[in-house]
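> Residue numbers (this note's numbering): 2 to 265.
Heads up, the beta-carbon is just placed ideally off N, CA and C, and yes, glycines get one too.
A quick note: this is a predicted structure, and the numbers were derived from the prediction, not measured.
#1: Starting from the N-terminal side, write out each stretch of the alpha helix (DSSP H) that is 4 residues or longer and does not extend beyond the segment 137–187.
#2: Near residue 251, which residues of its chain fall below 6 Å by C-beta distance, leaving aside the five closest residues on each side in sequence?
#3: Tell me the residue span of the alpha helix (DSSP H) that contains residue 86.
#4: Could you check whether the Cβ of residue 188 sits closer than 8 Å to any Cβ belonging to chain D?
#5: What's the C-alpha gap between residue 40 and residue 181?
#6: Can you have a look at residue 10 and say buried or exposed, based on whether 16 or more other CB atoms are within 10 angstroms of its CB?
#7: When we look at the beta-carbon of residue 51 and count the other beta-carbons within 10 Å, is it buried (16 or more) or exposed?
#8: Based on the DSSP secondary-structure assignment, which residues constitute the bridge partners of residue 1?
#9: Check whether the segment 60–79 and the segment 12–19 touch, using three or more Cβ-Cβ pairs below 8 Å as the test.
#10: Going by the CB atoms, is the gap between residue 3 and residue 36 shorter than 8 Å?
#11: What would DSSP say about residue 220, mapped onto helix, strand or coil?
#12: For the segment 134–142 against the segment 101–115, are there 3 or more C-beta pairs whose distance is under 8 Å?
#13: Taking the alpha-carbon positions, what's the residue 263 to residue 198 distance?
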């Protein structure tokens, strides 16, 4: 079971939960990230609309995302809300949960190789990655890209290092996005073609050096346009690299007496 380091969540946290019991006045839900501890959802916190039959909104076994309203840590009581969670928050939390499940499966593989328990894998590897990268799977993605370099300063016991890197790099594929833009370049000087060619080469090489994790290709799209294709780990990096490449080429051609324009 995916777990958190803390025994209980904090107020305003979003939590993954499974509806366990439904009554006319509310429902109990198991907190899946906190070893099955339960929280209560009052009927007024189930939905924003008027509720005639609570079972039209929640059912036993239903997995969902709730917001923590209040906690009594001495008694272990947790009050939850479903209606205060937006669709975007729910989607993001579910994605985070799926990534946590993938991370746990990889921790299980490592623990089996090292001859330790899953709890020990969390304590000696998982939570250390979480502290540095925000979540365990984000740490795994960094290891997939950087190898041992990503573990610097984490003080992970040596016995874990080799299986950790090998298992992660065999199983964690970094998501990639691809975007395209166009740059139009014109230069009426006698050597204008060479100026444009040099501008594109300079821009491509400069951006490839600046952004280590991208793929960037420039192709002729019919005078005066050129395609710029960028593949990167996420849209922000891809967009930054694309615009930077176009701007570099335009700046060079403009400096030499030509002109340019970027479009998508």
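A quick look at the data gives this:
#1: Within the segment 137–187, the complete alpha helix (DSSP H) runs of at least 4 residues are 137–147, 159–172.
#2: Your numbering for residue 251 matches position 250 in the chain shown. So the qualifying residues of the chain are 261.
#3: Numbered from its first residue, the chain shown carries residue 86 at position 85. Counting along the chain, residue 86 falls outside any alpha helix (DSSP H), and DSSP gives it neither H nor E.
#4: Among the protein chains of the structure shown there is no chain D, as only one such chain exists.
#5: By 1-based counting over the chain shown, the position of residue 40 is 39. By 1-based counting over the chain shown, the position of residue 181 is 180. Each residue's alpha carbon lies about 47 Å from the other.
#6: Position 9 of the chain shown holds residue 10. Classified as buried, residue 10 has 16 or more neighbouring CB atoms from the shown chains inside 10 Å of its CB.
#7: Walking along the chain shown from the start, residue 51 turns up at place 50. With fewer than 16 other CB atoms across the displayed protein chains lying within 10 angstroms of its CB, residue 51 is exposed.
#8: Coverage of the chain is limited to positions 2 through 265, which leaves residue 1 absent and any answer about it impossible.
#9: By the C-beta criterion, the segment 60–79 is judged to be in contact with the segment 12–19, since at least 3 inter-stretch pairs fall below 8 Å.
#10: Locating residue 36 in the chain shown gives position 35, counting from the first residue. Locating residue 3 in the chain shown gives position 2, counting from the first residue. Judged by beta-carbon spacing, residue 3 lies beyond the 8 Å limit of residue 36, meaning their Cβ atoms are not closer than that value.
#11: As a working note, residue 220 is residue 219 in the chain shown. Residue 220: strand per DSSP, three-state reduction.
#12: By the Cβ criterion, the segment 134–142 is in contact with the segment 101–115, since at least three pairs of Cβ atoms, one from each stretch, lie closer than 8 Å.
#13: Within the chain shown, the letter at position 262 stands for residue 263. Within the chain shown, the letter at position 197 stands for residue 198. Distance from the CA of residue 263 to the CA of residue 198, rounded to the nearest whole angstrom, comes to 16 Å.
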